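Numbering (our numbering), first residue to last: 1 to 137.
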């Protein structure tokens, strides 16, 4: 759950490893960026996005894709990027994140980018990571 004023964004990066050494050496990959748009009353007015609880269109764009099958649930491949139609992002399917799967440890970095004039900044109110270290079948 985040507040993302116009001109700001929230970026999520992840990497993983089986040991502390692998985790320390892993390279973070951007798995999603959240931006905002116009005011809304329903998600129907937010093409390739969703209307958040405060009545603002949010756009969750993620990893590169060549088809919607690569984007997981509630997502579609638009202009070569996964676009989610809800705040929950599913990374289980995306081939680019396959290297993250089945590892014992994960490192996550969330970057909050303010507006270019420095007058607005995003806020992450809460977030959750469901991390399953069992190799996918």
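Just so you know, even glycine gets a beta-carbon here, dropped at the ideal spot from N, CA and C.
The model shown is predicted, which means the values in this text are computed figures rather than measured ones.
Member of the options whose CA lies at the smallest distance from the CA of residue i
{"i": "residue 9", "options": "81, 60 and 78", "result": "60"}
{"i": "residue 27", "options": "17, 86 and 11", "result": "17"}
{"i": "residue 68", "options": "84, 29 and 15", "result": "84"}
{"i": "residue 7", "options": "88, 1, 37 and 30", "result": "37"}
{"i": "residue 30", "options": "46, 2, 19 and 11", "result": "11"}
{"i": "residue 64", "options": "13, 81, 120 and 70", "result": "81"}
{"i": "residue 33", "options": "73, 42 and 14", "result": "14"}
Run of the alpha helix (DSSP H) containing residue i, from where it starts to where it stops
{"i": "residue 24", "result": "20-25"}
First and last residue of the uninterrupted beta strand (DSSP E) at residue i
{"i": "residue 162", "result": "Because the chain here runs from 1 to 137, residue 162 falls outside it and cannot be looked at."}
{"i": "residue 16", "result": "9-17"}
{"i": "residue 34", "result": "29-39"}
Distance between residue j and residue i (C-alpha atoms, nearest Å)
{"i": "residue 111", "j": "residue 57", "result": "20 Å"}
{"i": "residue 45", "j": "residue 35", "result": "15 Å"}
{"i": "residue 70", "j": "residue 109", "result": "23 Å"}
{"i": "residue 43", "j": "residue 62", "result": "19 Å"}
{"i": "residue 19", "j": "residue 77", "result": "33 Å"}
{"i": "residue 41", "j": "residue 100", "result": "36 Å"}
{"i": "residue 73", "j": "residue 66", "result": "15 Å"}
{"i": "residue 129", "j": "residue 117", "result": "32 Å"}
Near the ligand MG: residue i beta-carbon under 7 Å from a heavy atom
{"i": "residue 26", "result": "The model depicted lacks the ligand MG and carries no ligand whatsoever."}
- Taking the runs of the beta strand (DSSP E) that are 3 residues or longer, which of them lie wholly in the region 46-96? 56-64, 75-78 and 81-84
- Count the CB pairs spanning the region 43-50 and the region 16-33 that are closer than 8 Å, and state whether there are at least three. no
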